Amino acid sequence: MSARSAIIVVENLTKDYTSGWLGHRRHRAVDRLTLAVKEGEIFGLLGPNGAGKTTTIKLLLRLIRPTAGVVRLFGRSPEDLAVRAQLGFLP
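In the working numbering, each residue's number is its place in the sequence shown (first place is 1) plus 64.
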């Protein structure tokens, strides 16, 4: 059995949004998410409304920037043009 490499690696991914007067209120949409998905694996994100599923996907694709944490796709930054050419997103 061959070892498959992780094609999605997420470490301590966090996203905070601010609201209220001058942005003094903070809402944490994603809280220190860590995961790895190996080549050939199928996975899904399950959770109630407002759990951060869509925010997580947007962070993976770098449609929005994280407050903290690291995302690697195919071993590279999601901002790398070669990586972006391999991605597809249908909201």
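Virtual Cβ for every residue (Gly too), placed ideally from N, Cα, C. Predicted, not measured: the structure shown is a model, and the values here were computed from it.
Where the alpha helix (DSSP H) containing residue i begins and where it ends
i           : result
residue 121 : 117-124
Distance, residue j Cα to residue i Cα
i           : j           : result
residue 134 : residue 74  : 6 Å
residue 102 : residue 87  : 38 Å
residue 143 : residue 126 : 7 Å
residue 107 : residue 137 : 15 Å
residue 110 : residue 85  : 33 Å
Which listed residue (the options) has its alpha carbon closest to that of residue i
i           : options         : result
residue 79  : 71, 69, 90      : 90
residue 100 : 124, 81, 116    : 124
residue 129 : 70, 71, 154, 77 : 77
residue 94  : 83, 144, 118    : 118
residue 104 : 71, 92, 114     : 71
residue 131 : 138, 140, 120   : 120
The ligand MG heavy atom lying under 8 Å from the CB of residue i
i           : result
residue 152 : Inclusion of the ligand MG in the displayed structure is not the case, the ligand content being empty and no account of it being possible.
Please go through the stretch 83-150 and give each complete beta strand (DSSP E) segment of 3 or more residues, from N-terminal end onward. 89-102, 132-137
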